Amino acid sequence: MRTSWGPGFERYVRNNVTATQHLLEAVRAVPERRVVYASSSSVYGQAETLPTAERLSSGAATDGAGGLRRGVRPPRSRRCQEAGRQAAQTTIGRSLRRTRAHRHGSPSTTSPPYGERVNVVVLADTHAPRRWRGVTPRVTEHLRAADLILHAGDVCTRDVLDELSGYAPVLAVRGNNDGPEIAAWGAPDQLITDIDGLSVGMIHDSGASKGRLSRMRRLFPTCELVVFGHSHIPMDITGEGLQLFNPGSPTDRRRQPHGTLGLLDIRRGRLVAARIVAVT
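Quick look at the structure:
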């Protein structure tokens, strides 16, 4: 465990270790040996909120404050990536997936503290496999330091998201070139997520440059930062109480001098730095 995460995160981990022990004991006590799959991120909350072995044996519902979920274990080759994605979409990122029909408002949830600092790597428009053939050394350098990875769409193949999930939890939205495979992975058209107190919206195409700030403010009224892609052109602008951030593309620079990605430095709910970094 990173010492930089601090005592708050240590308490959170300790609670979840205890909760996981309770879960395993309960599963062992189930007579019919039902299969239960849960990543450590799924066992979220105080240990006392989890069901006891007696409750599981009696068939009581287990989907509650403890966050226990029953299901079938995913294929072994996908298990690590699935756990990372679930972590991002539930506890770690405090992600609230938003569809177009439910895009307004931001229900509150609770999440573990990150500590003093959250390092976020932002990608967009990787366009695999035509443009993206795997993580390059210059991209890897930043991914290794990431606490969370955001992908603003036009992923094109699930392999990209699975590869990124090997470095940190990933949140992604679908782009105009993303098909059912990316939707099945769990990427919505747009989302709102709370990163340690900072409300962040994500969408692939923010529309025409004229009126963009006002349009994004209407679309994400509760957000302080909106991440988008589509143009392949890096951008970081602020207005109307909203910051818009496009990381560009690490693979298809479109008249730009370099392929790029974005880095966000979030501390205690504040975006203290947003940078565009050349990776080609």
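So in the numbering used here the end of the sequence shown lands on 280, straight run, no missing numbers.
Just so you know, even glycine gets a beta-carbon here, dropped at the ideal spot from N, CA and C.
Bear in mind the structure is a predicted one, so any value in this text is a computation, not a measurement.
{"query": "Helix, strand or coil at H151 according to DSSP, with G and I counted as helix", "result": "strand"}
{"query": "Cutoff 8 Å; reference L143; Cβ partners in own chain excluding five residues on either side", "result": "V121, V135, I149, L164, Y167 and A168"}
{"query": "Close-in-space but distant-in-sequence residues of the same chain around G175 (CB under 6 Å, 5 per side omitted)", "result": "G153, D154 and H204"}
{"query": "CB of H151 within 7 Å of CB of L123, strictly", "result": "yes"}
{"query": "Per-residue burial, V227 [other beta carbons within 10 Å of its own, 16 or more giving buried]", "result": "buried"}
{"query": "Own chain residues within Cβ distance below 7 Å of A145, not counting five before or after", "result": "N119"}
{"query": "Chain B contact for V279 (CB, 7 Å cutoff)", "result": "Within the model displayed, chain B is absent; a lone protein chain is all it includes."}
{"query": "Rounded straight-line distance, which links the Cα of S209 to that of R270", "result": "26 Å"}
{"query": "Alpha-carbon to alpha-carbon, P180 and R76", "result": "The predicted model places R76 with a pLDDT of 37, which falls under 50 and marks its position as unreliable; any figure quoted below should be read in that light. Using only the alpha carbons, I get a separation of about 22 Å."}
{"query": "Coil, strand or helix - V200 by DSSP", "result": "strand"}
{"query": "Backbone CA spacing between I266 and V173 [nearest angstrom]", "result": "21 Å"}
{"query": "Residue closest to G239, alpha-carbon to alpha-carbon, out of T260, Q256 and R212", "result": "R212"}
{"query": "Inter-residue Cα distance where the pair is G201 and L244", "result": "9 Å"}
{"query": "Which of helix, strand or coil DSSP assigns to I233", "result": "coil"}
{"query": "Between the CA atoms of R215 and D196 - distance to the nearest angstrom", "result": "25 Å"}
{"query": "Identity of the residue in R255, R217, P250 and S206 nearest V277 by Cα", "result": "P250"}
{"query": "Runs of alpha helix (DSSP H) wholly within the stretch 159–221 (minimum 4 residues, chain order)", "result": "180–185 and 212–219"}
{"query": "Terminal residues of the alpha helix (DSSP H) in which R253 lies", "result": "No alpha helix (DSSP H) contains R253, which DSSP labels as neither H nor E."}
{"query": "Range covered by the alpha helix (DSSP H) that runs through V279", "result": "Unbroken run through V279: none, as it is neither H nor E."}
{"query": "Cα-Cα separation, V177 to R130", "result": "Residue 177 is actually Asn in this sequence, not Val. The alpha-carbon atoms of N177 and R130 are separated by roughly 12 Å."}
{"query": "Beta-carbon spacing of A184, D236 below 7 Å", "result": "no"}
{"query": "Per-residue DSSP class, three states only, for T140", "result": "helix"}
{"query": "Cβ-Cβ distance between L171 and T157 below 7 Å", "result": "no"}
{"query": "Under 7 Å between C-beta atoms of H232 and D125", "result": "yes"}
{"query": "D125, enclosing beta strand (DSSP E) - first and last residue", "result": "Note, D125: premise wrong, no beta strand (DSSP E); not H, not E."}
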